[in-house]
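For reference, the structure is listed below as structure tokens.
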Amino acid sequence: MPAADRSRFGGLVSEGGIRFAAWSQAARRLWVSIFDERGNREIERLELQPEGEGVHALFVAGLGQGIRYGFRADGDYAPERGLWFDPAKLLTDPYAVEIDRSYVYDWRLAQRRGEGADTAPLMPKAIAAALPKPVQAAPPLFQPGGLIYEVPVRAFTMLHPDIPEKLRGTVAALAHPAVIEHLKKLGVGAVELMPVTASMDERHLPPLGLRNAWGYNPVTFMALDPRLAPGGVMELRNTVAVLREAGIGVILDLVFNHTGESDWLGPTLSLRGLDNQAYYRHTPDGRLANDTGTGNTIACDHPVVQEMVLDTLRHFVRDAGVDGFRFDLAPILGRVEGTFDAEAPLLRAMRDDPLLADRVLIAEPWDIGSDGYQLGNFPPPFLEWNDKYRDDVRRFWRGDAGMVGALATRLAGSSDVFATDRQNASRTVNFIAAHDGMTLADIVRYERKHNEANGEQNRDGHNENLSWNNGVEGDADDPAVPTARLNDQRALLATLFASRGTIMLTAGDEFGRTQQGNNNAYAQDNEITWLVWAGRDQALERYTVELSRLRRSMPALFDTSFLTGQPQAGSGMPDVAWLTETGAPLNEQCWQDPQRYRLVMILGGVSRLAVIINGDRRACMFTLPERDGFFWAPAIKAPDAADSSRPISGRAVIFMIERAQAGTGEKRNGGR
């Protein structure tokens, strides 16, 4: 079907009524249940008619938008064979674009057939909606090489003093002038919204008094969570429009790898009750495959699943105007019969679809299944989260031996990963901290994870965080410790903004947010994850702003093409030179020196830029190569900005820019 057309499934509103349509190859009968205006009482149950090839549909005249409904399905009930049909289970329409309430886990949703009552009172109802006129087509604002700002929508504004309380924690709050001002000040190219589609708490959380704060446990894929977007898709659309007017794109983080129906013991909510065998992948012995660690795996090699994923992406582009998508555990999307294939039908369809072909596509290139680590293996134009960048940068600044070569490779765009198939530009998304793991401030504050608040005796989350505590775990009385930690945060941020490729900063890391050492804070919808705006480190924030301003002003920094060390066209200067602290080129012995923690990267261009890295704890004089008619000046505006005319303190990154001598329109002490 043409990409511009609406999908063929769901509750499709027209002038004369509503066509209800769902897909199931294995069900013998399907019904649509119609509910009263509050969604509390079932007032009619109508059987859908088979139309062939698994399609079940019924046109109901006289119904209009706003009708609340759900599906029911009947057939064999044999969980050991992957069949879970039970007409007592009300099922959310997989194509619902709006639901009337949030999902709430209840053990009765997982009862076996014949053991429990009707689940309709426990379930949200889909709302039949007449979708708005499509957003006027426009190319994405975000371009590779820019700054992505990862935003947990609820946590981002819950404590923001300038945002009205009724707006806090919602998508609409992101359109508030105070948020726009902050994003523009940081030079954000696109906000990447952590999941805003409706999700459900994992079953172990309610007894612990916890709830999923991240949203990576969806039930269906199109409906927004009423807690985050009470205004539905129009709330998202309006926010996208305001951000776009400010020059900021929106990227949605979507989860197409599993659903909240979980494992054998999980609830029956939607796909499981419609056709578990088709929508989920199974092992040869009939068990649910678990390439996600969450109990089930979406069968993205099934044509109907592919259609559903593509329809979801088209919906958010057409009806909300988003720039693109980040895909959680993305190898799942490319698994064909369980094996990852870079040319899998779904991945290829995303790139070929007329509505999606120009969108920003970002892969988290790993899952926990067999051969699940696929960094560098997604096809262009997919960008990829680069955990090698994250780990190597952390190792260098932690003080691990022999990391200077790896650091240079990461600064230069990770050609060891992405320079394949004659690609001349890096597809890396560089990041040092993300939602999953320690915050940037906690990396330099805690040597060990502290996840006791998650209720799992600190067993959850990664044990190796490549972090350090500067001598004291957590809070410190010695004033030298916070100073050292601040310097380390500055060094980490400077490294990120000096790196070739797209960069990503998680909201709040620019001003020192902490999760108290919790490296798996998915279950903390509270002050552990909520950003504390009133107490933020404004000096660190100002430094981040200066880093971003420098990056945007220097094409050599936001360029994504690989560095070669060769002269650029029309210039006798190489695009990069790697030097020691004495100004000499690094030779093989220097690269291999396990105790080398100092490095100078000089980027060619209209003006040369020197990135001076002193990872040693001792101060050191650095010598930069001079050219007649030019001098080196500090490139960052900051009260304590250092330059190469005096020793560079330990644990620091300094930027110097080459300027013309006085008499050519520049002053000797001009700086920036």
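So the sequence shown is numbered by this note's numbering: it starts at -15 and just counts up by one.
Glycine is no exception: its CB is placed at the ideal position from the N, C-alpha and C atoms.
Item, Value
"Pick from L450, E82, P124, G38 that is closest to G54, judged by C-alpha positions", "E82"
"Proximity of S537 and L395 at Cβ, strictly below 7 Å", "no"
"Host alpha helix (DSSP H) of I427 (start-end)", "424 to 427"
"Reduced DSSP category for L608 - H, G, I as helix; E, B as strand; rest coil", "coil"
"N- and C-terminal bounds of the beta strand (DSSP E) containing T412", "412 to 414"
"Whole-angstrom distance between Q261 and P63, CA atom to CA atom", "10 Å"
"Residue burial classification, P(-14) (beta-carbon count within 10 angstroms, cutoff 16)", "Summary for P(-14): the model assigns pLDDT 36, below 50, so the residue's position carries little reliability, and this model does not support an answer."
"heavy atom of the ligand FMN below 6 Å from P349 C-beta", "No copy of the ligand FMN occurs in the structure displayed, which carries no ligand at all."
"7 Å Cβ cutoff met for R97 and D60", "no"
"Nearest-angstrom Cα separation, counted from L115 out to S555", "54 Å"
"Beta-carbon proximity check, F614 vs A644, cutoff 7 Å", "yes"
"N-terminal and C-terminal residue of the beta strand (DSSP E) that E321 is part of", "Element bounds for E321: n/a, residue is neither H nor E."
"For T223, three-class secondary structure by DSSP", "helix"
"Distance CB(S203)-CB(Y79) smaller than 7 Å", "Here the sequence assigns Val to residue 203, which means Ser is not the residue at that position. Cβ atoms of V203 and Y79: not closer than 7 Å."
"Straight-line gap, P569 to A273 (C-alpha atoms, nearest Å)", "52 Å"
"4-residue-minimum alpha helix (DSSP H) runs that sit fully inside the region 462 to 546, ordered along the chain", "464 to 481, 522 to 537, 539 to 542"
"Contact between the region 123 to 135 and the region 164 to 179 (3+ Cβ pairs under 8 Å)", "yes"
"Classification of L249 by the beta-carbon crowding that lies within 10 angstroms, buried from 16 upward", "exposed"
"Rounded separation between Q95 and A11 - CA only", "19 Å"
"Residue of A139, W7, Q579 minimising C-alpha distance to N196", "A139"
"Distance, R601 Cα to H166 Cα", "33 Å"
"Coarse secondary structure for V155, derived from DSSP in three states", "coil"
"G308 vs V344 beta-carbon contact at 7 Å", "yes"
"Assigned exposure category for K651 - 16 Cβ within 10 Å defines buried", "Confidence at K651 is low in this model, with a pLDDT of 40, below 50, so the placement of that residue should be treated as unreliable; the coordinate-derived value is given next. With fewer than 16 Cβ atoms within 10 Å of its Cβ, K651 is classed as exposed."
"Cβ separation of A518 and P145, assumed to be a contact under 8 Å, to the nearest whole Å", "6 Å"
"CB contact flag (L424, Q358, <7 Å)", "no"
"Which of helix, strand or coil DSSP assigns to N598", "strand"
"DSSP beta-bridge partners of W7", "V39"
"Beta-carbon proximity check, G389 vs T412, cutoff 7 Å", "no"
"Rounded distance between the beta-carbons of F542 and R535, thought under 8 Å", "6 Å"
"Continuous alpha helix (DSSP H) stretch holding W381: start and end", "371 to 382"
"Environment of E245 [buried if 16+ CB atoms lie within 10 Å]", "buried"
"Between the CA atoms of R611 and D444 - distance to the nearest angstrom", "55 Å"
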